[in-house]
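In my numbering, the protein residues as written are 699 to 1577. A virtual CB, placed ideally from N, CA and C, is assigned to each residue, including glycine. Below is one structure, written out as structure tokens, with a few remarks after it.
Structure, rendered in structure tokens:
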């Protein structure tokens, strides 16, 4: 540990512990991952990326070399033999390396380990494995199957197959894709609780499959696999304004599956989907992502997914065409139940109507336990708001649905009791956004008859960040940012979990940095980039929503939303070192820039699409913003060209960026007043954020931004885009106190107003929800970039411009005058970064913990930057 005492103008570093801690530190290699996943099943990448962390008990270490060994068995690996690939000793500090051995075979487990030289002493990891799945469509022996109904038939199809396990099983795998969603069971036991697999894609371009280790679910003799399918986005039956009911891929649900049995004697069996499978329908009479599920428990077929069930009345499955040319392994985490919420209060409207308050506005499904007479019909409606009489209010979520009948009500589930004791209902193949649940019954009920809970759902991303400070309002803002982020992470980043569930591209990139600070969401974003590629039109334009139904005016969203195809890969590189996504998106990004150039007007500017969506009062001009974003696109494209080895392209895109910068300054910059466009807060911030303003005017422009905010009583006046740029620009240019005062306002418009005046537990879509009561979503992540601001500025955890993924770290906390302490941490690719500063007796004590192999630059007020190594460091700064 090192302790430094900082006085004005000087830096005195006093070493209190001079003994060699590294002699006693335990050196370990941890967190071995392949494709950013620990021990992945069903991998379909021929050159997977291997990565690791070094832990030397908070003592700095320098990795001078590595060696990766890949073997067919762990025994060979322990003997130091690599029959698949031996990288040899590589003098490098890299901790993310692509496999470069012989061609990988499908359905094969590979074992690997890494040897690392730390301060020239070798440390060896424990063995780890990755297992391949199917690399192409030709690796599938199975056929796609469905039942005999068309896409408008509503009851959910069920499929079953009995098969023999005649020998002792060494391993068993199930490879499966069921569209839109599936539930998988063996011998009556569900494989897991993932009700929304596989992830949503443009099903005419690519579909995803998953792999399960089912070795422990099988028994000697006869076994039964059961699969139930839901519509999901694959067969959106209820019309809405987004036209997914007219999507080109829309069909009756279908599936493909293979069971691979490997016996201890070395022999194998493969069971595939074909016409020998039996199919029927059952109690799930309707399922829809906008509406909900209708389940009649009287129609249950008990034991339908077990071997003893009599399926004589079931029909044989039918073969059907593959929906897409590509079938890929799902590498992002599944959507799952994260936790359970209990009821906070119940309002009895009548003896057949109760309204349950679940405490917070979140996303998921209800879990109903109920006892009643056979045939009793229960209806559950979900909302974010209440009417004055205490009943639910769906006005802000039902405007986009175009129901075909009276039953199709937004976010409504129905359950008919079978009358057999306590019954449990969890709506399958859907999810809702809500705080309140209205339960109605066609027969009188008492609260004692009902137990209702909320199962919170989202993509199962691991938490990698934390933030807490002495300002409780800032903590609450941070928490509601995280709630809204997770409420809208369902295989893609969405705008709301209620009426749309759309992958709006700007909404997604605006909170990507915040999301990656807080959660390990890398694989979700990498998959989403492929969705963006799949939305691209023949002329090079992209849709603004990914995936899209293709019945959509892609120019309506415009360049600010399209920029996600550059911004998302850029953040992936910056926070995880991912260059592969840049390689994948490069051709699409290239076509897009050619297209957008054709839309320039006579001034050479771009003047279409959305601007600062849902601004408060001050509207920033679209032509100014759109041209600025295309300038930024070209800069990011130049970086992608450099990182992917396209040197000539880099110069071309840098030159185009300079052209656009000149046009912006020529048309919008006033050097006399040092202002841009129409002098909104965002008009000042955008040129600073994108480094468009001439350097000689940068400080004055930042000062003018500060002044107009101060003159507005430190109140914000912007929308979505401004919520990302304005706070960051203020902190970057020395006005962090201004940003803090703006962020912690409690008058309209502000995050604090939502919390203090309306009791918000999630982020809203618009500042003044009373002005747009019939339209505004109350669980919208888009204003959530402020949680990234908290990490970067009050905590001071920032990426160094010299290296991605916190391989080098910039620690530059803003010691805001109204804060007594800040605690924050982030689990980076190289290990834990922890910042803890607090005011104590007229001094600030700063405690840092850095990854063992990291290098950091610490920048503190009035001092020269200080280079430090990994481990613990303490600084004491007189105020």
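According to DSSP, is residue i helix, strand or coil?
| i | result |
| --- | --- |
| residue 1280 | helix |
| residue 994 | strand |
| residue 1128 | coil |
| residue 1183 | helix |
| residue 1285 | helix |
| residue 1170 | helix |
| residue 1141 | coil |
| residue 1570 | strand |
| residue 966 | strand |
| residue 795 | strand |
| residue 1411 | coil |
| residue 1348 | helix |
| residue 1563 | coil |
| residue 1331 | helix |
| residue 1364 | helix |
| residue 1526 | strand |
| residue 728 | strand |
| residue 1404 | helix |
| residue 979 | strand |
| residue 1553 | strand |
| residue 1225 | helix |
| residue 741 | strand |
| residue 1547 | strand |
| residue 1356 | helix |
| residue 1383 | helix |
| residue 829 | strand |
Between residue i and residue j, is the Cβ-Cβ spacing less than 7 Å?
| i | j | result |
| --- | --- | --- |
| residue 872 | residue 912 | yes |
| residue 1101 | residue 991 | no |
| residue 1108 | residue 1092 | yes |
| residue 816 | residue 725 | yes |
| residue 948 | residue 933 | yes |
| residue 859 | residue 975 | yes |
| residue 781 | residue 796 | no |
| residue 799 | residue 783 | yes |
| residue 1186 | residue 1243 | no |
| residue 1027 | residue 831 | yes |
| residue 1641 | residue 1529 | Nothing in the structure corresponds to residue 1641, since the chain is present only between 699 and 1577. |
| residue 1130 | residue 939 | no |
| residue 1257 | residue 1313 | no |
Between residue i and residue j, which are expected to be in contact by the criterion C-beta below 8 Å, what is the C-beta distance as a whole number of angstroms?
| i | j | result |
| --- | --- | --- |
| residue 1484 | residue 1425 | 6 Å |
| residue 1379 | residue 1418 | Wrong, their Cβ atoms sit about 13 Å apart, outside the cutoff. |
| residue 754 | residue 818 | About 14 Å separates the two Cβ atoms, so there is no contact after all. |
| residue 1036 | residue 1154 | 5 Å |
| residue 1069 | residue 996 | Not confirmed; about 15 Å, so no contact. |
| residue 856 | residue 977 | 7 Å |
| residue 1245 | residue 898 | 6 Å |
| residue 1342 | residue 1277 | 7 Å |
| residue 1095 | residue 1079 | The pair is not a contact, with the Cβ atoms about 11 Å apart (cut-off 8 Å). |
Using CA coordinates, which residue listed in the options is at the minimum distance from residue i?
| i | options | result |
| --- | --- | --- |
| residue 864 | 907, 942, 967 and 812 | 967 |
| residue 1179 | 1461, 982, 785 and 1399 | 1461 |
| residue 923 | 826, 1004 and 1353 | 1004 |
| residue 1402 | 1372, 1430 and 1238 | 1372 |
| residue 1065 | 1264, 1151, 877 and 986 | 1151 |
| residue 828 | 858, 879 and 743 | 743 |
| residue 1560 | 1577, 1042 and 1249 | 1577 |
| residue 1453 | 1409, 1476 and 926 | 1476 |
| residue 1311 | 1348, 1436, 1259 and 957 | 1259 |
| residue 876 | 884, 935, 1021 and 986 | 1021 |
| residue 1232 | 813, 904 and 1473 | 904 |
| residue 1014 | 1024, 979 and 1555 | 979 |
| residue 808 | 1161, 1487, 748 and 908 | 748 |
| residue 1505 | 1512, 1513, 1511 and 1496 | 1496 |
query: Curious, which full-length beta strand (DSSP E) runs of at least 3 residues does the stretch 886-959 contain?
result: Fully enclosed beta strand (DSSP E) runs of 3 or longer: 904-911 and 919-928.
Any alpha helix (DSSP H) of 4 or more consecutive residues that is wholly inside the stretch 1052-1076 | DSSP assignment within the stretch 1052-1076 yields no whole alpha helix (DSSP H) run of 4 residues or more.
Could you pull out every unbroken alpha helix (DSSP H) segment of at least 4 residues lying fully inside the stretch 1252-1278, listed in chain order? 1252-1255, 1257-1260 and 1262-1274, all fully within the stretch 1252-1278.
task: List in chain order: all unbroken beta strand (DSSP E) runs of 3+ residues lying wholly within the stretch 1019-1049.
output: The qualifying runs are 1024-1027, 1033-1040 and 1043-1048.
Practice prompt. Let me know the alpha helix (DSSP H) ranges lying completely inside the stretch 747-821, each 4 residues or longer, listed in chain order.
Written response: With a minimum length of 4 residues, the continuous alpha helix (DSSP H) runs that stay inside the stretch 747-821 are 772-776.
TODO: Note down, one range per segment and in chain order, each alpha helix (DSSP H) of at least 4 residues found wholly within the stretch 1418-1483.
DONE: Listed in chain order, they are 1418-1430, 1434-1441 and 1449-1456.
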